[in-house]
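In this text, residue positions in the sequence shown follow my numbering: the first is 164, and each later residue adds one.
Reading through the structure tokens given below for one structure.
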Amino acid sequence: MMTRRTVLTRAMGLLSIGPLWAATPSLGMGAGTASPVTVTCEGAGDAALHAALCDRLHTALRQRHPDQQFTLSPAPDGARRLTLRLSRVTGTALTGALVWTQNLGGGTRTDTGTNTVTGPSVTAGTRDKKIGGREQDMLLKALLKTTDLPL
164 MMTRRTVLTR AMGLLSIGPL WAATPSLGMG AGTASPVTVT CEGAGDAALH
214 AALCDRLHTA LRQRHPDQQF TLSPAPDGAR RLTLRLSRVT GTALTGALVW
264 TQNLGGGTRT DTGTNTVTGP SVTAGTRDKK IGGREQDMLL KALLKTTDLP
314 L
């Protein structure tokens, strides 16, 4: 038979172990490890625009999430991905959304066992001049601010 002191000691031992979840790595984008996130760009526009936006997105993500690794190299199947999907490109405006894969709930299920999630669509542009680096940065800043990325 356990005495009151034994029960209390065991309970305190369990409490001292504490919340193990607080010390575990984030399950960002559905991964249980700190594997790199591949950044890609696709959709409307040409390859030069995609390359410029991917480079800017890569830089912005590294600044916002310094503990996470991001790469621009092609990702193997099943790897964590974050894609800037452009839906409209004109001389004066860019519209796009961030799309990512994750293993935890929500989104559209794929054959690799991950879910594809699309964030809100955002437009950035000007009235009187062609789209440049400033407008590209505005789009990316707005996307990162309005999209709840699980990083």
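For each residue, glycine too, the CB sits at the ideal point set by N, CA and C.
With a threshold of 16 other beta carbon atoms within 10 Å, A287 meets it and is buried. DSSP places A207 outside both helix and strand once states are collapsed to three, so it counts as coil. Secondary structure of G288 (DSSP, three-state): strand.
The alpha-carbon separation between T289 and S236 amounts to approximately 31 Å. Annotated as proximal: G208 and L249, with beta-carbon spacing under 7 Å. Of the candidates T258, D300, Q299, K293, the residue whose Cα lies closest to the Cα of G282 is T258.
In the three-state reduction of the DSSP assignment, T253 falls in the coil class.
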